[in-house]
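Reading through the structure tokens given below for one structure.
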Amino acid sequence: MKKAVLLVLAIAYPFAVFFALKWGYSPKVLSLILILSALFQFNTQKIRLLRNAFLVCATILVSGLWLYNDEIFLKLYPVLISASLLAVFAFSLKFPPSVIERFARITNPDLPQYAITYCHKVTQVWCCFFILNASIALYTVFLSARAWMLYNGLISYILIGLLMAGEFGFRIYYMKGKKHGTKNLE
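At position 169 of the sequence shown (counting the first as 1) the number is 168 in numbering that gives the first Met the number 0, and the numbers step up by one without a gap.
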């Protein structure tokens with residue numbers, strides 16, 4: 000249930016900000032949306048570093064909203080989420096196990112070395128994605144509210160889904176090759 004609410008909040012955030020600004024609500028008043036989203040993410044996140052990163056980001060953005068009453072602080076939220084995820088994934092590369100390896104060990108605690116190496120590489124791919132996503136999200140901050148909402152409320156989720164589906168398909172191919180002793184893309 001918590002994951003479903005988190006997903007709805009994440010998807011709804013850009014739309015809520017867009018329509019609230021369109022209807023003339025003050026960015027300062029809209030800080031409630033940001034606070035609720037960040038608190039829910041903080042309470043449902045199991046990775047302590049990521050949970051703390053969300054809290055720091057939300058604190059910075061809400062402080063900016065209250066000091067300057069500028070919508071840019073609402074629009075920066077997706078940028079900081081991607082940057083936080085990048086930090087956590089990159090940190091896990093420096094101090095293993097990687098985030099992807101942790102996820103993999105949930106279903107298979109005894110991963111062979113080739114799977115650990117694969118998880119490390121997938122974590123690197125996600126780091127690249129988060130750099131790209133944060134960069135595009137930052138660029139959209141300076142575009143119209145509609146363009147910002149389109150990217151952060153739709154396109155970025157499509158890109159996440161495509162990366163997940165592509166990785167899943169490649170993993171099946173790669174692991175099948177490993178199981179049969181072939182050298183699929185080592």
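The beta carbon of each residue, even a glycine, is placed where N, CA and C say it ideally should be.
Checking 9 Å against the spacing of the C-beta atoms, do K21 and A136 come in under that value? One-based indexing of the sequence shown puts residue 21 at position 22. One-based indexing of the sequence shown puts residue 136 at position 137. No, these two residues do not count as a Cβ contact at 9 Å.
What residues in its chain sit with their C-beta under 8 Å from that of F14, if we drop five residues either side in the sequence? Locating residue 14 in the sequence shown gives position 15, counting from the first residue. So the list reads M148 and G152, once near-sequence residues are dropped.
A133 burial status per 10 Å Cβ neighbour count (16 or more: buried): Translated into positions along the sequence shown, residue 133 becomes position 134. Its Cβ being crowded by 16 or more others within 10 Å, A133 is buried.
How about L29 and L73: are their beta carbons less than 9 Å apart? If you number the sequence shown from 1, residue 29 lands on position 30. If you number the sequence shown from 1, residue 73 lands on position 74. Yes, the Cβ-Cβ distance between L29 and L73 is below 9 Å.
As a quick exercise: from R101, V16, F17 and I71, pick the residue whose alpha carbon is nearest that of Y138. In the sequence shown, the residue the question calls residue 138 occupies position 139. Nearest option by C-alpha distance: I71.
Tell me whether the beta-carbon of S155 lies closer than 9 Å to the beta-carbon of P77. Here residue 155 refers to the residue found at position 156 when the sequence shown is read from its first residue. Here residue 77 refers to the residue found at position 78 when the sequence shown is read from its first residue. Yes, the pair counts as a contact, with Cβ atoms nearer than the cut-off.
So, is C127 buried or exposed, given that buried needs 16 or more other C-beta atoms within 10 angstroms? As a first step, residue 127 is located in the sequence shown; it is residue number 128 there, counting from the start. Under this definition C127 is an exposed residue.
Could you spell out where the alpha helix (DSSP H) holding N132 opens and where it closes? Counted from its first residue, the sequence shown places residue 132 at position 133. Residues Q112 to V140.
Which of helix, strand or coil DSSP assigns to P77: Translated into the one-based positions of the sequence shown, residue 77 becomes position 78. Three-state DSSP puts P77 in a helix.
How far does the alpha helix (DSSP H) with N51 in it extend, from its first residue to its last? Numbered from 1 along the sequence shown, position 52 holds the residue referred to as residue 51. Per DSSP, N51 belongs to the alpha helix (DSSP H) from R47 to Y67.
Alpha carbon to alpha carbon, what distance is there between A114 and F17? Sequence index remark: in the sequence shown, residue 17 carries index 18 (1-based). Sequence index remark: in the sequence shown, residue 114 carries index 115 (1-based). Cα to Cα, F17 sits roughly 42 Å from A114.
Could you say which of Y12, A82 and L35 lies nearest to W125 if we only look at CA atoms? Counting from one through the sequence shown, the residue named residue 125 turns up at place 126. Out of Y12, A82 and L35, A82 has the C-alpha closest to the C-alpha of W125.
Buried or exposed for V7, going by 16 or more other Cβ atoms inside 10 Å? As a working note, residue 7 is residue 8 in the sequence shown. Flag for V7 reads exposed.
Once you ignore the five residues that flank M48 on each side, which residues in its own chain have a CB closer than 7 Å to its CB? Stepping through the sequence shown from its first residue, residue 48 is reached at position 49. Correcting the residue type first, residue 48 is Leu in the shown sequence and not Met. Once the five neighbours on either side are set aside, the close Cβ partners of L48 are V87 and F90.
Nearest to R50 by alpha carbon, out of I10, A3, I130 and L84? In the sequence shown, the residue the question calls residue 50 occupies position 51. Here the closest residue by C-alpha is L84.
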